[in-house]
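Undergrad: Before we start, here is the structure in question, set down as structure tokens.
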Amino acid sequence: MQSEQIIYTNELNTELNFSFSRSSGPGGQSVNKVNTKVELRFNISLSNILSQEEKYTLFAKLPNQINNEKEFIVISQATRSQLQNKEDSILKFYEAINTALKPVKKRKPVKVSKSAKEKRLKDKKVISQKKLRRNTKDDI
0 MQSEQIIYTN ELNTELNFSF SRSSGPGGQS VNKVNTKVEL RFNISLSNIL
50 SQEEKYTLFA KLPNQINNEK EFIVISQATR SQLQNKEDSI LKFYEAINTA
100 LKPVKKRKPV KVSKSAKEKR LKDKKVISQK KLRRNTKDDI
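In terms of numbering that gives the first Met the number 0, the sequence shown opens at residue 0 and continues consecutively.
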């Protein structure tokens, strides 16, 4: 599975589009001069690598990160370096894709053991008795 994801990574890199702009936040003069903010765009519907099933899964699991043009967008402006921001956006992209496409494990129902059931009922009875003692009124 791990080697499959590495091959997948290299294939998907050809379909990634990057745009660069000025980053927000502190930094003084260099912020106004250097385009360090990276915006990664991946058009899911036009992808030749993903299957239809995978595309539907991404649309269902990542609706807030997909725009009207069916593009998955990742923005990175964490550092002052364009290259580091580009690498960071690629990393974020693959983490999101891999977690969205990861199959959900089916839950195996487990029967409650007899001793656990007895303990729960015993504790319930103790609490009930405690509450009954609080409410008794003595007629003197």
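A virtual CB, placed ideally from N, CA and C, is assigned to each residue, including glycine.
Could you please give me the residues that DSSP links to SER18 through a beta bridge?
TA: Paired residues: GLU38.
Undergrad: How many Å lie between ILE6 and GLU70 at the Cα?
TA: Residue placement at ILE6 is poorly supported in this model, since its pLDDT is 46, which falls under 50; the coordinates still yield a value, given next. Spanning the two alpha carbons is a distance of roughly 22 Å.
Undergrad: Just the C-alpha distance for GLN76 and LYS121, rounded to the nearest angstrom, thanks.
TA: Answer to the nearest angstrom: the Cα atoms are 58 Å apart.
Undergrad: If you count every other CB in all the chains shown that lies within 10 Å of the CB of LEU45, and 16 or more means buried, which is it?
TA: By the 10 Å Cβ count, LEU45 comes out exposed.
Undergrad: What does a CB cutoff of less than 6 Å around GLU38 pick up in its chain, not counting 5 residues either side in sequence?
TA: Contacts found: SER18, ILE74.
Undergrad: How long is the line joining the alpha carbons of LEU11 and ILE48, rounded to whole angstroms?
TA: In a straight line, the C-alpha of LEU11 is about 7 Å away from that of ILE48.
Undergrad: Kindly indicate which residue of ALA115, TYR93, SER127, THR56 has the alpha-carbon position closest to the one of ASN9.
TA: Out of ALA115, TYR93, SER127, THR56, TYR93 has the C-alpha closest to the C-alpha of ASN9.
Undergrad: With DSSP as the reference, please indicate the residues paired to GLU70 in a beta bridge.
TA: GLU70 pairs with ASN42.
Undergrad: So, with DSSP's three-state summary, where would you put ILE65?
TA: Reduced to three states, the DSSP call for ILE65 is strand.
Undergrad: In whole angstroms, give me the CA-to-CA distance for ASN134 and LYS110.
TA: In a straight line, the C-alpha of ASN134 is about 36 Å away from that of LYS110.
Undergrad: Using 8 Å as the threshold, is the segment 99-114 in touch with the segment 56-72, meaning 3 or more CB pairs across them?
TA: Counting Cβ pairs under 8 Å, three or more are found: they touch.
Undergrad: Does any residue of chain D have a CB that is nearer than 8 Å to the CB of GLU38?
TA: The structure shown contains no chain D, having only a single protein chain.
Undergrad: Work out the CA separation of LYS113 and LYS36 for me, nearest whole Å.
TA: C-alpha separation (whole angstroms): 59 Å.
Undergrad: Distance, Cα to Cα, ALA95 vs SER88?
TA: Near 11 Å, if we compare the C-alpha coordinates of SER88 and ALA95.
Undergrad: Starting from the C-beta of GLU68, find all residues in its chain whose C-beta is less than 8 Å away, skip the five residues before and the five after it, and write them out in chain order.
TA: Closer than 8 Å at the Cβ level, and outside the excluded window around GLU68, lie ASN42.
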